[in-house]
Amino acid sequence: MLHRMRERIVALVKLLWREVAKFGVVGGIGFFIDTGIFLWLITGPMEDSAVKAKVIATGVATIFSWVANRYWTFRNRRQSNVVRELVLFLIMNGVGAGIQAAFVFIAKYLLGITSAGGMVLFGNVIGLGFATIFRFIAYRLWVFTEAMEADPKTAQDHQILTGSIPRVEPYPKEPGDEHPQSGR
């Protein structure tokens, strides 16, 4: 059983490490684009419109992220139906934003945290962490999927990512019975 589990973990790491690294780079750049544009707008041309500035900054960062993920991170998986892919991408980003907002809600209304630092910790650190995990899985399984079915090298990806947990065989009940995994 441990051997099968180790093989499964090794297969997952081999399958995902490059995409995870690229996804992280795209996300990091997107974060800096969002933050940079937001700060520029609220300290300059949109000084009195922080909410509009945030919407614009997030919109620019989201478009960057879609293009970068489409043409770099998941370049071998992009769909031929670009509109469908973009709509799914935006929906998954919306769910990710909801995850972050939920963590802010928990911090403020359930835990009573009111400081800006606490809000940033729950929304932009903890919430962003969970939202990022969700986004990676969602992009890989639902947004950028076409090559997954078409490319023989990726035919097993969906099974590896969503396969069942290896079944643990019970030890033999009678002396002399062999355990299926150990060969004893």
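Numbering follows this note's numbering, in which position 105 of the sequence shown is assigned residue number 107; successive positions increment by one, without gaps.
From the three backbone atoms N, C-alpha and C, an ideal C-beta is built for every residue, glycine too.
Could you give the distance in angstroms between the alpha-carbon of Ile115 and the alpha-carbon of Val69? Residue mapping note: residue 115 aligns to position 113 of the sequence shown, counting from 1. Residue mapping note: residue 69 aligns to position 67 of the sequence shown, counting from 1. So the two alpha carbons sit approximately 37 Å from each other.
DSSP-derived helix/strand/coil call for Arg80: Within the sequence shown, numbered from 1, the residue matching residue 80 stands at position 78. Coil at Arg80, not helix or strand.
Do you know whose CA, among Leu14, His5, Met7, Arg8, lies nearest Ile139's CA? Against the sequence shown, residue 139 aligns to sequence position 137. Cα-wise, what sits closest to Ile139 is Leu14.
Would you identify the three-state DSSP class for Arg186, choosing helix, strand or coil? Within the sequence shown, the letter at position 184 stands for residue 186. The predicted position of Arg186 is uncertain, since its pLDDT is 45 and thus under 50; a value taken from the coordinates is nonetheless stated next. Note: Arg186 maps to coil in three-state DSSP.
Tell me whether Asp50 sits in a helix, a strand or coil according to DSSP, three-state version. Within the sequence shown, numbered from 1, the residue matching residue 50 stands at position 48. Asp50 falls in the coil class under three-state DSSP.
How about Val28: is its C-beta nearer than 9 Å to some C-beta of chain D? Absent from the structure: chain D. Only one protein chain is present.
Which term fits Ala59, buried or exposed, when burial requires 16 or more other beta carbons within 10 angstroms of its beta carbon? By one-based count along the sequence shown, residue 59 stands at place 57. Label assigned to Ala59: buried.
For Ala55, count neighbouring C-beta atoms within 10 Å of its own C-beta (all shown protein chains included) and say buried if the count is 16 or more, exposed if not. Position 53 of the sequence shown, counting from 1, holds the residue named residue 55. Here Ala55 is buried: its Cβ has 16 or more other Cβ atoms, across all protein chains shown, within 10 Å.
Classify Leu18 as helix, strand or coil using the three-state DSSP reduction. The count along the sequence shown starts at 1 and reaches residue 18 at position 16. Correct three-state label for Leu18: helix.
With DSSP as the reference, label Met3 as helix, strand or coil. Taking the sequence shown and counting its residues from 1, the one referred to as residue 3 is at position 1. Residue state for Met3 is assigned as coil, using DSSP reduced to three classes.
Here's the rule: buried if 16 or more other CB atoms are within 10 angstroms of the residue's CB, otherwise exposed. What is Glu87? Sequence index remark: in the sequence shown, residue 87 carries index 85 (1-based). Glu87 comes out buried.
Determine the closest residue to Lys110 out of Gly125, Gly100, Ala99, Gly96, with distance taken between C-alpha atoms. Taking the sequence shown and counting its residues from 1, the one referred to as residue 110 is at position 108. Per the Cα distances, Gly125.
With DSSP as the reference, label Ile65 as helix, strand or coil. The residue given as residue 65 occupies position 63 in the sequence shown. Helix at Ile65.
Between the alpha carbons of Gln102 and Leu4, how many angstroms are there, rounded? Locating residue 102 in the sequence shown gives position 100, where the first residue counts as 1. Locating residue 4 in the sequence shown gives position 2, where the first residue counts as 1. Just so you know, the alpha carbons of Gln102 and Leu4 end up roughly 36 Å apart.
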